[in-house]
Amino acid sequence: MKTVHLTKTSDDIIVPKIFCLGKNYAKHAAEMKSDVPQKPVVFMKPSSAIVHDGAEVSIPAMTNDLHHETEIYFVIGKEGKDIRKEDARSHIAAMGIGLDLTLRDLQTELKNAGNPWLISKGFDGSAPISNAVPVDGVDFNSLELSLAVNGKPRQQGSYKNTIFKIEEVIAFISQLFTLERGDLIFTGTPEGVAKLNHGDKLHAELIGYASLDIAIL
Ligand code: ZN
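Everything in the sequence shown is counted per the numbering used here, starting at 155 for the first residue and increasing by one.
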């Protein structure tokens with residue numbers, strides 16, 4: 155089972171499941187030629203998709219268009235069902251920076267056919283994550299993310315621009331799914347998603363808190 159490393163206790167904890175949000179930044183929804191959603195767009199990756207800092211990710215043979223999406227993620231610290239928005243924060247243990255790697259050509263084909271896009275977003279290596287740092291005392295609205303590819307800036311974003319905040323997302327998801335300790339919630343990407351090529355070196359940051367380096371083989 156794949157794990158996430160919590161820096162606070164130096165524990166590697168098992169990740170039971172990974173939730174992700176689609177179109178959670180208005181400018182990314184616009185670049186995807188989509189409307190801003192009225193409720194959270196939720197999908198999952200299997201935890202087998204996780205790789206850690208320093209990983210090398212292969213481009214699957216099935217695609218010609220592997221995209222980066224840089225996303226802040228949160229780690230659930232305490233199990234819960236039907237969690238109220240007001241109580242959601244107490245269920246979050248940690249945060250970090252991750253990549254929602256996406257086979258865009260395959261995703262577009264699947265979406266156009268009205269089919270689930272799982273295989274375009276859940277493949278091995280599709281969820282690189284940094285170590286996770288404690289959220290104690292952190293004002294989420296101050297969080298900023300960035301991605302550089304081969305040293306050149308590619309994406310930057312501010313959590314305050316997310317459409318659905320993590321507390322609301324936890325309240326929404328937990329009406330249907332039990333949130334378990336170690337579950338990850340990826341909070342969506344800001345604009346600037348683009349294609350990756352063989353040999354690219356990615357450096358993502360949750361600025362001031364965590365960083366992640368991966369290479370594309
Ligand atoms: Zn994403």
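Think of the CB as a built atom: it goes at the ideal place given N, C-alpha and C, for glycine as much as any other residue.
In the structure shown, Val323 falls within a helical segment according to DSSP collapsed to helix, strand and coil. Here the alpha carbons of Glu321 and Arg243 stand approximately 6 Å from one another. Sequence-distant partners of Ala369 (beyond 5 residues in either direction) whose C-beta falls short of 6 Å from its own C-beta, in its chain, are Glu210 and Lys355. In this structure, the alpha-carbon of Ile213 lies about 21 Å from that of Ile172. Going by DSSP, Glu298 is part of the beta strand (DSSP E) stretching over Glu298 to Val303. In this structure, Thr161 sits away from Asn269, with a CB-CB distance that is not shorter than 9 Å. Between the stretch 326-335 and the stretch 221-228, the count of C-beta pairs closer than 8 Å stays below three; the two stretches do not touch. Secondary structure of Ser201 (DSSP, three-state): helix. Annotation for Glu263: no beta strand (DSSP E) segment contains it, though the alpha helix (DSSP H) segment containing it runs Arg258 to Asn266.
Look at Arg335 here: in three-state DSSP terms it is coil, with no helix or strand label. Gly234 is not a Cβ neighbour of Leu366, given a cutoff of 9 Å. Taking a contact as a CB-CB distance under 8 Å, the pair Cys174 and Asp259 does not count as one, their CB atoms being some 19 Å apart. Look at the beta carbons and you see the stretch 183-199 not touching the stretch 358-365: under three pairs across the two are nearer than 8 Å. In its chain, beyond the 5 residues on either side, Ile251, Leu299, Ser300 and Ser365 have a beta carbon closer than 7 Å to the beta carbon of Glu359.
The three-state secondary structure of Glu185, taken from DSSP, is helix. Comparing alpha-carbon positions, the option among His245, Ala348 and Ile327 lying closest to Val289 turns out to be His245. Around ligand 1, the residues selected by a Cβ distance under 5 Å to any of its heavy atoms are Glu223, Asp254 and Thr343, following chain order. Nearest neighbour of Asp293 by Cα position, chosen from Ile167, Lys314, Ile237 and Ala267, turns out to be Lys314. Annotated three-state conformation of Asp241 is helix, per DSSP. Cβ contact annotation for Ile327 (same chain, cutoff 8 Å, sequence separation greater than five): Phe173, Pro194, Val196, Leu333 and Ile339, in chain order.
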